[in-house]
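Every letter in the sequence shown is one number past the one before it in this note's numbering, and letter 62, counting from 1, is 62. Virtual Cβ for every residue (Gly too), placed ideally from N, Cα, C. Worksheet: the structure to be examined is printed underneath.
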Amino acid sequence: MHKAHNFISIIEAGCCQLVPEDFNRVLNATLAFCREKGYSFYHKKRHEGLMRSLIVRKGRRTNELLINIVSSSQAEFDEDGYKNIIMSLDLDANIVGLLHTINDNVSDAVCCDELRVLSGVQYYMEEVLGLRFKVGAFSFFQANVEAAERLYRDAIALIDGLEGKTVFDLYCGTGTITQAMALRARQVIGVEIVEEAVESARANARLNGLGNCRFICGDVLQVLDTIEEKPDVIVVDPPRGGIHPKAMAKICSYGVDQIVYVSCSPKSMAVNLRTAIASGYGIASCRCYDNFAFTEHVEAVALLSRRRTAHDGDITATDR
């Protein structure tokens with residue numbers, strides 16, 4: 001882990017109380033292996049060193065474990081030795097994939113210059129809302145499945161009469177909520193800029209036998225100009241930075257009666273809601289979810305309803 005307020009200094013953390021014990025077992029085995037080999041950590045300022053990241057992901061409902069060790073290419077990493085150590089561990093979960101990612105990018109993000117499969121496959125399976133999802137090594141997916149299900153159910157329940165409607169799911173990621181809505185809606189169109197996430201979403205839709213949802217890869221601001229269908233309702237689930245002001249204005253310009261805003265950053269959501277209010281929407285409801293206990297992060301779901309005017313034959317609603 002990083003030392004607080006210092007992105008260069010590295011602190012060894014042999015235990016985390018928030019994760020399954022298997023994660024700690026894999027971490028400590030990896031640390032011992034790297035010490036024995038004399039491997040150096042990657043220095044972010046000098047851009048020197050070998051070891052960069054260890055990513056461990058688990059399917060809560062499937063008990064599948066995906067392990068990804070990330071290094072630079074500046075020295076040789078003993079893949080066979082590491083594989084033997086990890087695969088011999090006595091774990092509660094089943095290791096379905098052991099990966100080695102080569103990352104020579106100078107940024108702190110995990111970029112994949114080369115992916116080597118040391119054992120198994122490049123994904124794990126998860127089950128959410130009765131649907132199965134294939135989650136790739138670099139695809140975003142909710143870690144707290146039970147909490148995510150509650151949030152998604154509540155978000156979908158806010159939509160009036162989902163049956164027979166065309167829904168836009170913008171910033172859809174791997175399409176979890178997209179496919180959940182497709183079980184009832186006439187059709188759902190998901191838009192996501194991360195190519196791997198879109199590929200996973202398409203594969204998962206086929207896996208779940210859903211023919212009434214499709215996914216488009218690209219920036220929301222540009223993609224909306226290419227979609228011929230008009231939505232009856234719009235769902236947005238943007239990254240922490242929120243929605244670009246121009247994209248938010250374009251979303252509001254459709255004039256749909258309801259927009260459901262799912263947010264992992266209430267601060268950026270508040271900025272976008274100002275645009276929505278200026279565009280004729282009122283905040284019908286807003287609810288926060290503490291999906292990551294003992295952290296500063298809070299998820300939120302807001303329902304935006306288009307205010308009716310006298311021209312629409314109704315009284316203007318009051319913002320709450």
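Item                                                                                                                            : Value
Rounded separation between isoleucine 234 and tyrosine 124 - CA only                                                            : 30 Å
Cβ pair leucine 50, valine 56 closer than 8 Å                                                                                   : no
Member of Val271, Leu27, Ala270 and Ser73 whose CA lies at the smallest distance from the CA of glutamate 48                    : Ser73
8 Å Cβ cutoff, tyrosine 261 in contact with chain C                                                                             : The chain labelled as chain C is not found in the depicted structure, where only one protein chain is given.
Buried versus exposed call for serine 9 [16 or more other C-beta atoms within 10 Å across all chains shown]                     : exposed
Proximity of glycine 71 and glycine 97 at Cβ, strictly below 8 Å                                                                : Per the sequence presented here, residue 71 reads as serine, with glycine not at that position. Cβ atoms of serine 71 and glycine 97: not closer than 8 Å.
Nearest residue (CA-CA) to valine 301, options Ala293, Tyr281 and Tyr261                                                        : Tyr261
Residue closest to glutamate 127, alpha-carbon to alpha-carbon, out of Thr62, Glu79 and Tyr152                                  : Thr62
Presumed contact (8 Å Cβ cut-off) between isoleucine 189 and aspartate 169, rounded CB distance                                 : 7 Å
Proximity below 8 Å, CB of phenylalanine 23 to CB of cysteine 16                                                                : yes
Residues near tyrosine 39 by beta carbon distance below 6 Å, same chain, minus five either side                                 : Leu50 and Met51
Own chain residues within Cβ distance below 7 Å of alanine 180, not counting five before or after                               : Leu129, Leu131, Tyr152 and Ile156
Cut-off 6 Å between Cβ atoms - residues of its own chain near alanine 143, not counting five sequence neighbours on either side : none
Uninterrupted alpha helix (DSSP H) stretches inside the segment 190-264 (no shorter than 4 residues)                            : 195-207, 220-223 and 245-253
Three-way DSSP call (helix, strand, coil) for isoleucine 283 in this model                                                      : strand
Selection from His244, Tyr42, Val135 and Asp92 that minimises the alpha carbon distance to aspartate 108                        : Tyr42
Integer Cβ distance of arginine 263 from glutamate 296, believed to fall under 8 Å                                              : In the sequence on display, residue 263 carries serine and not arginine. Not a contact, Cβ separation roughly 14 Å.
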